[in-house]
Amino acid sequence: MRKRYWFLSAVITFLLILTIKNLLFVDYRVEGVSMQPTLTAGHLLSINKVNHRLFDLKRFDIVVFQPPGEKEAYIKRIIGLPGDELEYKNDKLYINGKAVKEPYLNPVKKELSMGKLTGNFTLEEITGKKTIPEGCLFVMGDNRLVSRDSRQFGLISTDYVIGKATKE
Numbered sequence: 039m040r041k042r043y044w045f046l047s048a049v050i051t052f053l054l055i056l057t058i059k060n061l062l063f064v065d066y067r068v069e070g071v072s073m074q075p076t077l078t079a080g081h082l083l084s085i086n087k088v089n090h091r092l093f094d095l096k097r098f099d100i101v102v103f104q105p106p107g108e109k110e111a112y113i114k115r116i117i118g119l120p121g122d123e124l125e126y127k128n129d130k131l132y133i134n135g136k137a138v139k140e141p142y143l144n145p146v147k148k149e150l151s152m153g154k155l156t157g158n159f160t161l162e163e164i165t166g167k168k169t170i171p172e173g174c175l176f177v178m179g180d181n182r183l184v185s186r187d188s189r190q191f192g193l194i195s196t197d198y199v200i201g202k203a204t205k206e
C-alpha cells in the first residue's frame, strides 16, 4: 500500500511540475541565421512567457514574438524601447543622440572585411515616427546583413511578444 502511495505521489508531482513548466515556459528551437553568432540554427532556448509581463523588457533582451499574419515566430534582439530616438550612422547605434555599444556584434564585425554590418538609417526614415511609441519595440537580428527585422516590418507591439529567451 505504501509503495503504491509513493508511486502515485511521484506521478502526480511530476505531472504538476510539467504542467507548471508548460504554463511558464515554452521551448523554442532557433531556425535560420538572423541571430548568428549569438544563436545558431538548431539552438534550443527556453522562453519565459511570464517574466516579461511582470517586469519590463530591457534593451538588448532577446525576445520571441509572433507578428500578425505570420505563421512562424521570430527571435530578435530589442534595440529600441518606448520613448527612444534611434539612428544608425557609420555602423554605430545612437539612442537619443548618444552612441551605444553593441558588444554582441564584435565577432561579426571582426569577420567583416569591407563595408558596414548595419546600414545608415533613422527611426523616422523607417517608421515615420521620431520616437518609439508606448507599447512598441524596435527589434533587430544580430546578423544584420541577412536579418528580416524592424528595418523591414517596422515596430512591433509588446502584445506580440511571447517571451524572453534564455539559453538552456
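Residue numbering for the sequence shown follows my numbering, beginning at 39 and increasing consecutively.
Even for Gly, the Cβ is constructed at its ideal location relative to N, Cα and C.
Computed from a predicted model, the values in this text were never measured in an experiment.
Range of the contiguous beta strand (DSSP E) that encloses S84: Per DSSP, the continuous beta strand (DSSP E) segment holding S84 begins and ends at L82 to N86.
Can you tell me where the beta strand (DSSP E) with T66 in it begins and where it stops? Reading the sequence as shown, one finds Tyr at residue 66 and not Thr. First-last of the beta strand (DSSP E) with Y66: F63 to R67.
So is L3 buried or exposed if we call it buried at 16+ other beta carbons inside 10 Å? Residue 3 lies beyond the range of the chain shown here (39 to 206); nothing can be said about it.
Considering only the beta carbon of each residue, do P120 and I194 sit closer than 8 Å? Result no, Cβ atoms of P120 and I194 do not sit closer than 8 Å.
Specify the secondary structure class of C76 as computed by DSSP and reduced to three states. The displayed chain sequence assigns Thr, not Cys, to residue 76. Note: T76 maps to coil in three-state DSSP.
Chain-order list of residues whose beta-carbon lies under 6 Å from that of F159 (same chain, five-residue window excluded): Y126, listed in sequence order.
So C174 and T196 are in contact, right, with Cβ under 8 Å, and what is the actual spacing, rounded? Indeed they touch by this definition, with Cβ atoms about 7 Å apart.
Identify the residues that DSSP records as bridge partners of T217: which are they? No statement about residue 217 is possible, as the shown extent of the chain runs from 39 to 206 and does not include it.
Terminal residues of the continuous beta strand (DSSP E) containing F98? Counting along the chain, no beta strand (DSSP E) covers F98, and no H or E run does either.
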